[in-house]
Each structure stands twice: as C-alpha cells, then as structure tokens.
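S.K.: Structure incoming, see below.
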Amino acid sequence: GAGVSQSPSNKVTEKGKDVELRCDPISGHTALYWYRQSLGQGLEFLIYFQGNSAPDKSGLPSDRFSAERTGGSVSTLTIQRTQQEDSAVYLCASSLGDSLEQYFGPGTRLTVT
Amino acid sequence: AQRVTQPEKLLSVFKGAPVELKCNYSYSGSPELFWYVQYSRQRLQLLLRHISRESIKGFTADLNKGETSFHLKKPFAQEEDSAMYYCALTKDGSEKLVFGKGTKLTVNP
Chain A
181 GAGVSQSPSN KVTEKGKDVE LRCDPISGHT ALYWYRQSLG QGLEFLIYFQ GNSAPDKSGL
241 PSDRFSAERT GGSVSTLTIQ RTQQEDSAVY LCASSLGDSL EQYFGPGTRL TVT
Chain B
43 AQRVTQPEKL LSVFKGAPVE LKCNYSYSGS PELFWYVQYS RQRLQLLLRH ISRESIKGFT
103 ADLNKGETSF HLKKPFAQEE DSAMYYCALT KDGSEKLVFG KGTKLTVNP
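Each protein sequence line maps, in turn, to chains A and B.
Going by this note's numbering, the letters in the first sequence line up with residues 181 to 293, in that order.
Going by this note's numbering, the letters in the second sequence line up with residues 43 to 151, in that order.
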C-alpha cells in the first residue's frame, strides 16, 4: 500500500500567521511521530502519538506548537504565530505499535518570511 | 540525556574504497541503535538496526558498548551509496528516535 504521506509539500507563510501541516500514516500503524529537520540542528523529535493520545510531547519547542490525531489515523501539526526560526522541513513517521522501525513521509518544507 | 554524535559532516571516498561512517552515543541504559539513509530527493529510510545484525546493501554496523560506538562500514563503496546517513537511537521504554546530525557521503567515480 501507500507509504506515509504529508501535505502540503511546501508552505511559504508570513511571520505571525498560523499554519497546519498534515500527516497520513500507513494504514494500521498505531504510532505516529513528528520530527523537525533544520540546518544546523539536524533531526529533532517533536511529539509522539500512540493511537489518539500523545504520551510524549517533550520535543515541542514552545506553546505555539500543538498537534492532534483523530481516529487513530491522520495527524495535524499546528504552529501558531509563526516565527522565522520555525522554517524547517517537518517530517512525519509511523510504525506498528510494537515495531521499532519508523517509516517516514516526504516532509513539508515550511518557509517563514 | 541521550546524545548521538557523528563527527564527520562530510565524507568523500572513491568508488571501490572502504568507507566507515562514525557514530558515538551517550546513554547509560541499553539503547537500540539504527542507521537511516536519505538518498537525493528521496525520503528518510531505515538502513539497518543493531538488533537484527544483518548486512544491508553491503553495509554492516557493530555495536561496541565499551566504546559506545555504532560505526557503519562497507568494504567497497559504490557511487549509488552517495547519500546522507543518520545514526539514531531509542532508549529503554521510548520509541522516539534521537538522531545525530548526519554525515553526507560522496562516492566519487
């Protein structure tokens, strides 16, 4: 079947605006992760979902960042009042609940001007 | 806190030469170690994991707990191995991946 998909693939927004990034995990995968890939910082963990609950939100950089997952499937990462330092590629990954292998999506490139 | 260090940002070798991408980690427990690879214009994908002890595309990696290292090796590099390589770990009871900053490998003809 299809792999992890993310939309949009690219997003350019003005500083101060809110953005929503979407992730569709592989069907049947109960675990979902968000990471951020930025120059100089590498890949950073943001948040992890098991089903619809988020047992680990430790990587969210500020309260401007939030995420939700509904129906144990699609997840949305929301960034409010975007700042230039939020510019990065946001990656989503999913895995079976008891598997350590994470499957990554193609990412959303966010540019804040 | 756990940390993964990849000391080389860039690594360039000639086709047919051996290649070693270094990875050191800092964690007091029993981590699971992984190598992920990202080819040009492709998504990040798992290359290998230490618990499976397998060779993928000619690459191997051995976990050395004494030296806290998980270096990736291939005896004869190929041009198609050119990519960005990330070492990562997960800690006990956690599924989140902690990544190193990556090494860009270029294999020259």
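For every residue, glycine included, the Cβ atom is placed at its ideal position computed from N, Cα and C.
Taking the straight line between their C-alpha atoms, what separation do you get for residue 196/A and residue 236/A?
M.R.: The residue labelled residue 196/A in the question sits at position 16 within the first sequence. The residue labelled residue 236/A in the question sits at position 56 within the first sequence. If I take the Cα positions, the gap works out to 27 Å.
S.K.: Report the residues of the region 224 to 252 of chain A with a CB closer than 7 Å to any CB of chain B, ordered along the chain.
M.R.: So the list reads 225, 228, 236, given in the order they occur along the chain.
S.K.: With three or more beta-carbon pairs closer than 8 Å as the criterion, would you say the region 223 to 241 of chain A touches the region 47 to 64 of chain B?
M.R.: No: fewer than three Cβ pairs fall under 8 Å.
S.K.: Do residue 247/A and residue 234/A come within 8 Å of each other at the CB atom, strictly closer than that value?
M.R.: Taking the first residue of the first sequence as 1, we reach residue 234/A at position 54. Taking the first residue of the first sequence as 1, we reach residue 247/A at position 67. Yes; because the gap between Cβ atoms is below 8 Å, this pair is in contact.
S.K.: Figure out for me which residue from 131/B, 78/B, 139/B, 109/B has the closest Cα to the Cα of residue 123/B.
M.R.: Indexing the second sequence from 1 puts residue 123/B at position 81. When only C-alpha atoms are compared, the closest one is 78/B.
S.K.: What distance in whole Å lies between the Cβ atoms of residue 204/A and residue 258/A, which are believed to be in contact at a cut-off of 8 Å?
M.R.: Position 78 of the first sequence, counting from 1, holds the residue named residue 258/A. Position 24 of the first sequence, counting from 1, holds the residue named residue 204/A. About 16 Å; that fails the 8 Å criterion.
S.K.: Would you please verify whether the beta carbon of residue 108/B is less than 8 Å from any beta carbon of chain A?
M.R.: Taking the first residue of the second sequence as 1, we reach residue 108/B at position 66. Cβ-Cβ to chain A under 8 Å: no for residue 108/B.
S.K.: Would you report the Cα separation of residue 72/B and residue 133/B, rounded to the nearest angstrom?
M.R.: Counting from 1 along the second sequence, the entry for residue 72/B is found at position 30. Counting from 1 along the second sequence, the entry for residue 133/B is found at position 91. Straight-line Cα distance between these residues: approximately 7 Å.
S.K.: Under 6 Å Cβ to Cβ from residue 221/A, same chain only, skipping five residues before and after it: list those, please.
M.R.: For the purposes of this step, residue 221/A is taken as residue 41 along the first sequence, with counting starting at 1. Taken in chain order, the list of residues that qualify is empty.
S.K.: Let me make sure I understand the geometry here. Which of 76/B, 98/B, 106/B, 110/B has the alpha-carbon closest to that of residue 141/B?
M.R.: In the second sequence, residue 141/B corresponds to position 99, counting from 1. Per the Cα distances, 76/B.
S.K.: At 3 residues or longer, what runs of the beta strand (DSSP E) sit wholly inside the region 56 to 116 of chain B?
M.R.: Qualifying beta strand (DSSP E) stretches, in chain order: 61 to 63, 66 to 68, 74 to 80, 87 to 91, 114 to 116.
S.K.: Can you give me the C-alpha to C-alpha distance between residue 113/B and residue 106/B, rounded to a whole angstrom?
M.R.: The residue you call residue 113/B lines up with position 71 of the second sequence. The residue you call residue 106/B lines up with position 64 of the second sequence. Approximately 9 Å between the Cα atoms of the pair.
S.K.: Could you tell me the distance, in whole angstroms, from the CA atom of residue 144/B to the CA atom of residue 231/A?
M.R.: Position 102 of the second sequence, counting from 1, holds the residue named residue 144/B. Position 51 of the first sequence, counting from 1, holds the residue named residue 231/A. Straight-line Cα distance between these residues: approximately 30 Å.
S.K.: So, using beta-carbon positions, are residue 284/A and residue 271/A closer together than 8 Å?
M.R.: Start at 1 with the first residue of the first sequence, and residue 284/A comes out as number 104. Start at 1 with the first residue of the first sequence, and residue 271/A comes out as number 91. The answer is yes: Cβ separation under 8 Å.
S.K.: Would you please verify whether the beta carbon of residue 208/A is less than 8 Å from any beta carbon of chain B?
M.R.: Taking the first residue of the first sequence as position 1, residue 208/A is located at position 28. False, the Cβ-Cβ gap to chain B never drops below 8 Å.
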